[in-house]
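Participant: Residue numbers (the working numbering): 7 to 115.
C-beta atoms are modelled at their ideal positions from N, C-alpha and C, and glycine is treated no differently.
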Amino acid sequence: MDLQEGQPYTFAPTLKPLDLAKAKETHTNPLARFFGAGGDRVNIEIHTAPRGAEISVNGELYSKTTPTKLSLPPGTYELTLRLPGYKALHKNLNVEKGPVIQIDETLQK
Numbered sequence: 007m008d009l010q011e012g013q014p015y016t017f018a019p020t021l022k023p024l025d026l027a028k029a030k031e032t033h034t035n036p037l038a039r040f041f042g043a044g045g046d047r048v049n050i051e052i053h054t055a056p057r058g059a060e061i062s063v064n065g066e067l068y069s070k071t072t073p074t075k076l077s078l079p080p081g082t083y084e085l086t087l088r089l090p091g092y093k094a095l096h097k098n099l100n101v102e103k104g105p106v107i108q109i110d111e112t113l114q115k
């Protein structure tokens, strides 16, 4: 289109519904991809006693506390659970395609 200065123009785009599944697969945020926004992921459920522990995966702090669910691509990870007043718990996690991985940990004082 060719417009001249001062020439009026009407712009009326047609909006289409967002395909959420596709949007997650193409998400540009690396942390969002890391923590479950599409791709071949394995679901992981993490529970601690007491509740409310911070979760770090390979040193990256996850935005939610326990209990929670996240998903990771297959691989080996270092999982760290921290709660003030308790010892940090470090766990090596081998993630393989398959059923949901359940992690139930009791934090020590």
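Inspect the beta-carbon positions of I107 and I61 and report whether they are closer than 7 Å.
Facilitator: As a first step, residue 107 must be located in the sequence shown, where it is residue number 101. As a first step, residue 61 must be located in the sequence shown, where it is residue number 55. The answer is no: Cβ separation not under 7 Å.
Participant: May I have a chain-ordered list of the beta strand (DSSP E) segments no shorter than 3 residues that lie completely inside the stretch 48-82?
Facilitator: DSSP runs (the beta strand (DSSP E)) wholly in the stretch 48-82: 48-55, 60-63, 66-71 and 74-78.
Participant: In this structure, does DSSP put I108 in helix, strand or coil?
Facilitator: As a position in the sequence shown, residue 108 is number 102, starting the count at 1. In the sequence as presented, Ile is not what sits at residue 108; that position holds Gln. DSSP places Q108 in strand when its eight states are reduced to three.
Participant: From the DSSP output, in three-state form, read off K115 for me.
Facilitator: Walking along the sequence shown from the start, residue 115 turns up at place 109. Coil at K115, not helix or strand.
Participant: What does DSSP give as the partner residue(s) for E84 in the beta ladder?
Facilitator: Within the sequence shown, numbered from 1, the residue matching residue 84 stands at position 78. For E84, which the question treats as bridged, DSSP gives the partners N98.
Participant: If you measure between the beta carbons of Q114 and K93, is that distance less than 7 Å?
Facilitator: For this step, residue 114 is matched to residue 108 along the sequence shown. For this step, residue 93 is matched to residue 87 along the sequence shown. A contact, by the Cβ cut-off of 7 Å.
Participant: Do V101 and P73 have their C-beta atoms within less than 7 Å of each other?
Facilitator: Mapped onto the sequence shown, residue 101 falls at position 95. Mapped onto the sequence shown, residue 73 falls at position 67. In this structure, P73 does not lie closer than 7 Å to V101 by Cβ.
Participant: Measure how close the beta-carbons of L85 and P56 come, nearest whole angstrom, since I'm counting them as under 8 Å.
Facilitator: The residue you call residue 85 lines up with position 79 of the sequence shown. The residue you call residue 56 lines up with position 50 of the sequence shown. Actually they do not touch by this definition, with Cβ atoms about 17 Å apart.
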